[in-house]
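Just so it is clear: in the sequence shown, position 92 is 181 by the working numbering, and no numbers are missing.
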Amino acid sequence: MNVLLGVSGSISAYKAVDILRAFQRQGNDVSVVLTRNACRFVQPLTFDTFVPGRVHTQWFEDADDPLLHIHLGREHDLFLIAPASAATIARMACGMAEDLLTATYLAFPGRVVIAPAMNEVMYAHPAVTHNLLTLRERGVEMIQPEKGELACGNQGTGRLPEAQHIVEYCLGVVRV
Ligand SMILES: Cc1cc2nc3c(=O)[nH]c(=O)nc-3n(C[C@H](O)[C@H](O)[C@H](O)COP(=O)(O)O)c2cc1C
90 MNVLLGVSGS ISAYKAVDIL RAFQRQGNDV SVVLTRNACR FVQPLTFDTF VPGRVHTQWF
150 EDADDPLLHI HLGREHDLFL IAPASAATIA RMACGMAEDL LTATYLAFPG RVVIAPAMNE
210 VMYAHPAVTH NLLTLRERGV EMIQPEKGEL ACGNQGTGRL PEAQHIVEYC LGVVRV
């Protein structure tokens, strides 16, 4: 399977590298799209080491392919956004295609899975709940965040699940 891994600006963005590796171990091809803020948390070079030339952070600046958001949609079977930040979820729910990740989401004809990850108070906010419901009604699959210790030190629901769990969930989605 050709998997497009979208990474947004959550403290758990570093875990996306494990997700990429877990997909590869199961024989899948992976490309990566990072938001500008995701690049503050984890270096594109880390992903590029495992999938050379298949890591995208630029859009307007990408002289090689100005229609990258369309072509990524054609070339991949599944779009997993993990971690999905509250801001990225909001842009997706509003159809705001203002960066490469969200434009690719709108142009993506295949299955889309999101794995929200954030502080438990953010996750419980009605705006986030509403946006997630909107996305689920539109057919986006959601991997529930786990309960446990969060980066801020609080206990609560908002943790990104382990890479293997996320990959198995995605493989299950494409089997149905
Ligand atoms: C240290 C730090 C950790 C953050 N962790 C999260 C997080 O886990 N989840 C989240 O939704 N936002 C988190 N944020 C806020 C996002 O980075 C911010 O909303 C950003 O605009 C998201 O951009 P993006 O969705 O375009 O990647 C964090 C911000 C900082 C400074």
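For every residue, glycine included, the Cβ atom is placed at its ideal position computed from N, Cα and C. Just so you know, these numbers come straight off a predicted model, no measurement behind them.
In the structure shown, the three-state DSSP call for ARG163 is helix. Relative to ligand 1, the nearest heavy atom lies less than 8 Å away from the CB of PRO172. Remark: the C-beta of ASP188 is in contact range of ligand 1, defined as less than 8 Å to any heavy atom. The straight-line gap separating the alpha-carbon atoms of PHE112 and THR138 is approximately 15 Å. Sequence-distant Cβ neighbours of ARG110 in its own chain, meaning closer than 8 Å and more than five residues away, are PHE139, ALA252. Here the distance from the Cβ of THR177 to the nearest heavy atom of ligand 1 is below 8 Å. Put simply, the backbone Cα of ASN243 is about 18 Å away from that of SER174.
Annotated three-state conformation of SER174 is coil, per DSSP.
Boundaries of the beta strand (DSSP E) around ASP118: 118 to 123.
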